[in-house]
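The structure appears below as C-alpha cells.
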Amino acid sequence: WHTCKRNLKRLHTLLTSFEDWLETTSITLTQVNGQRKYGGPPTGWIGPAPGPGCEVFICCIPRNMFEDCLIPLFQIVAPLYEFRLMMNISGQNRGFAYAKYGRTMDAEAAIRALHLHPLQGGVRLVVRLSTEKRQLCLGELPAGVSEEALLNMLRVVSDGVTGVIVREAGPRGRAASALVLYSSHYTASMALKVLVQAFKKQFGIFITVHWLSGSSKPRHYEREEVGALAYPGPTPVGQALLTPTCFQSVRAASHDPHPQHFSRSCNAVGCLRRVCELYGFGVPLYDVRYHTNTNGFLCVTYSVLVPGLPKPFCGAAKVFPCPSTNTMKDEAHHIAAKQVLKAMGHA
Numbered sequence: 001w002h003t004c005k006r007n008l009k010r011l012h013t014l015l016t017s018f019e020d021w022l023e024t025t026s027i028t029l030t031q032v033n034g035q036r037k038y039g040g041p042p043t044g045w046i047g048p049a050p051g052p053g054c055e056v057f058i059c060c061i062p063r064n065m066f067e068d069c070l071i072p073l074f075q076i077v078a079p080l081y082e083f084r085l086m087m088n089i090s091g092q093n094r095g096f097a098y099a100k101y102g103r104t105m106d107a108e109a110a111i112r113a114l115h116l117h118p119l120q121g122g123v124r125l126v127v128r129l130s131t132e133k134r135q136l137c138l139g140e141l142p143a144g145v146s147e148e149a150l151l152n153m154l155r156v157v158s159d160g161v162t163g164v165i166v167r168e169a170g171p172r173g174r175a176a177s178a179l180v181l182y183s184s185h186y187t188a189s190m191a192l193k194v195l196v197q198a199f200k201k202q203f204g205i206f207i208t209v210h211w212l213s214g215s216s217k218p219r220h221y222e223r224e225e226v227g228a229l230a231y232p233g234p235t236p237v238g239q240a241l242l243t244p245t246c247f248q249s250v251r252a253a254s255h256d257p258h259p260q261h262f263s264r265s266c267n268a269v270g271c272l273r274r275v276c277e278l279y280g281f282g283v284p285l286y287d288v289r290y291h292t293n294t295n296g297f298l299c300v301t302y303s304v305l306v307p308g309l310p311k312p313f314c315g316a317a318k319v320f321p322c323p324s325t326n327t328m329k330d331e332a333h334h335i336a337a338k339q340v341l342k343a344m345g346h347a
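Here full-length UniProt numbering is used: the sequence shown runs in plain steps of one and ends on residue 347.
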C-alpha cells in the first residue's frame, strides 16, 4: 500500500509538471487515434512539409515520461515539425513515439545524438530512422477493375492516395489485387482502419487490406520493431516491397539457360518504370550489351541501375534474334526489365 501511495504521489507530481509546461510554453497537443500529437506543422513553421527520411522512431520510453521531457530533448537537435507519443487509455504512454524534423540531415543528427541517451533509472532511449510505411495491399477486388476506377474509389473514402498499381485477376475470374501508395504513414494508417468498412458501405464490395511487408503473413497493425536497419540492396528491397503474397506486377521469367522469346504485349520496361516511380526510386538506367552467338541466338548481358537503390541489377540471358537492330535492342531491354522485376518481386 505504501509503495502504491508513493507511486500515485509521484505520478501526480509528474502530471502537475506536465500541465505547468503546457501552460508556460503555450504548446498545443492533440489527442487522436491513440496518440498525442504536437505540430504537424507547429505554429510558425516556415517551409514545406518534410519528405521521406525525416522521421525517427523512439522507444524504451519510461511509461510515466511525457512530452515536457521528450519534446525539449529532441528540439535540442533541430526544430520539430511533429512529435507523436503513443498513449494508453489509462493515460500512460505506450513506450514509443515518433519525432519528425524538416530535413533528413536533422533526423540523422537526432539518431547520432540521442540513440542510447541515458534517462533516470538507468534507462536508455532507442532512436532510429522510422520506416514510415506508406503502402497498402488490397485483396479480393472485382476482376477487371481498372487502375483509374480504383484510384477514384480510394479517393472517395481515404485521403492522401498518390498511386495505384492493379494486379490483374488470374484465370477463372479470380479476384484482383492492388498496391496503393499514400502520401504519408499517417494517411496510410488511417486508410488501413477504414477501407474495409468504407468499401462495404460505399460500393458493396468486401475487400481485404493489410500493410505491404516482407512477411507472407499479413500484419494488419504492425508496430516498429527495435533493431538495426538493413541497408536496402536489391534482395532486401525485393523482400520488403514486392512480395508475391501481397502484390506482384509481373510474373517474371526465371533465369533459364535456354533461349526464350518474349511477347511484346507484356511491356516489362514500362512496368518496371512505373514501379520505380511509384516508390520514388527514379527512372531505371540500362547498360545492355548483346551479340549473336555461333548457334544464332542473341546473347544479352545487362546492368540496370535503379537510382534509389545502392547496387545495380546485373545478369545475362538469351533471346531469339529479331530482324532489325532496333528490335533486338528492345528485346534486350525487355528481358533485362523482366529479370529486375523478378528480383524485386520474389523473396
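Beta carbons are placed, not taken as given, at the ideal position from N, Cα and C, and that holds for glycine.
Starting from residue i, follow its DSSP beta bridges and name the residues at the other end.
i           : result
Trp-45      : Note: Trp-45 sits in no beta bridge, so no partner.
Leu-57      : The sequence shown places Phe at residue 57, not Leu. Answer by DSSP bridge pairing, in chain order: Tyr-98, Arg-128.
Val-180     : Leu-136, Val-164
Arg-289     : Thr-301
Phe-83      : Tyr-38, Ala-99
residue 360 : This structure gives no information on residue 360, because the portion of the chain shown stretches from 1 to 347.
Asn-93      : Met-87
Leu-141     : Ala-176
Using the three-state DSSP reduction, which class does residue i fall into: helix, strand or coil?
i           : result
Gln-135     : strand
Thr-301     : strand
Ile-165     : strand
Met-65      : coil
Pro-50      : coil
Lys-329     : helix
Leu-119     : coil
Pro-259     : Low confidence applies here, because Pro-259 scores a pLDDT of 41, under 50, leaving its location unreliable and the question unanswered by this model.
residue 349 : Because the chain spans 1 through 347 in this model, residue 349 falls outside it and cannot be assessed.
residue 384 : Because the chain here runs from 1 to 347, residue 384 falls outside it and cannot be looked at.
Ser-26      : coil
Near residue i, which residues of its chain fall below 6 Å by C-beta distance, leaving aside the five closest residues on each side in sequence?
i       : result
Leu-241 : Here Leu-241 scores only 36 on pLDDT, less than 50, and its place in the model is too uncertain to base an answer on.
Ser-303 : Asp-287, Pro-312, Cys-314
Thr-30  : Lys-37
Ala-332 : Val-288, Tyr-290, Val-300
Gly-40  : Glu-82
Val-145 : Ala-176
Going by DSSP, what residue range makes up the beta strand (DSSP E) through residue i?
i       : result
Val-209 : 208-211
Thr-187 : Element bounds for Thr-187: not the beta strand (DSSP E) but the alpha helix (DSSP H), 185-203.
Leu-29  : 29-32
Just to confirm my understanding: we take residue i, look at its own chain, exclude 5 residues before and 5 after, and list those with CB closer than 7 Å. What are they?
i           : result
Pro-79      : Gly-102
Ser-17      : Asp-68
Ser-177     : Cys-137, Leu-138, Gly-139, Leu-141, Arg-167, Phe-247
Ala-191     : Leu-136, Ser-158, Tyr-182
Gly-122     : none
residue 368 : Lying before the first or after the last residue shown, residue 368 is absent from the chain, which here runs from 1 to 347.
Ala-107     : Gly-53, Cys-54, Glu-55, Val-56, Tyr-101, Leu-129
Tyr-221     : Annotation note: pLDDT 30 at Tyr-221 (below 50); position unreliable, coordinate value reported separately. So the list is empty, once near-sequence residues are dropped.
Gln-202     : Val-156, Val-157
Ile-71      : Tyr-38, Leu-80, Phe-83
From which residue to which residue does the alpha helix (DSSP H) around residue i run?
i       : result
Asp-106 : 104-114
Gly-270 : 268-278
Val-156 : 147-157
Which residues in the same chain have their Cβ closer than 8 Å to the Cβ of residue i, if we skip the five residues on either side of it in sequence?
i      : result
Gln-92 : Arg-63, Asn-64
Contact between the stretch 178-188 and the stretch 123-136: three or more CB pairs below 8 Å?
yes
Would you call the stretch 81-88 in contact with the stretch 41-50, where contact means no fewer than 3 C-beta pairs closer than 8 Å?
yes
Contact between the stretch 103-121 and the stretch 64-80 is defined here as three or more beta-carbon pairs at a separation below 8 Å; is this criterion met?
yes
Should the stretch 153-167 be called in touch with the stretch 193-200, which here means at least 3 C-beta pairs below 8 Å?
yes
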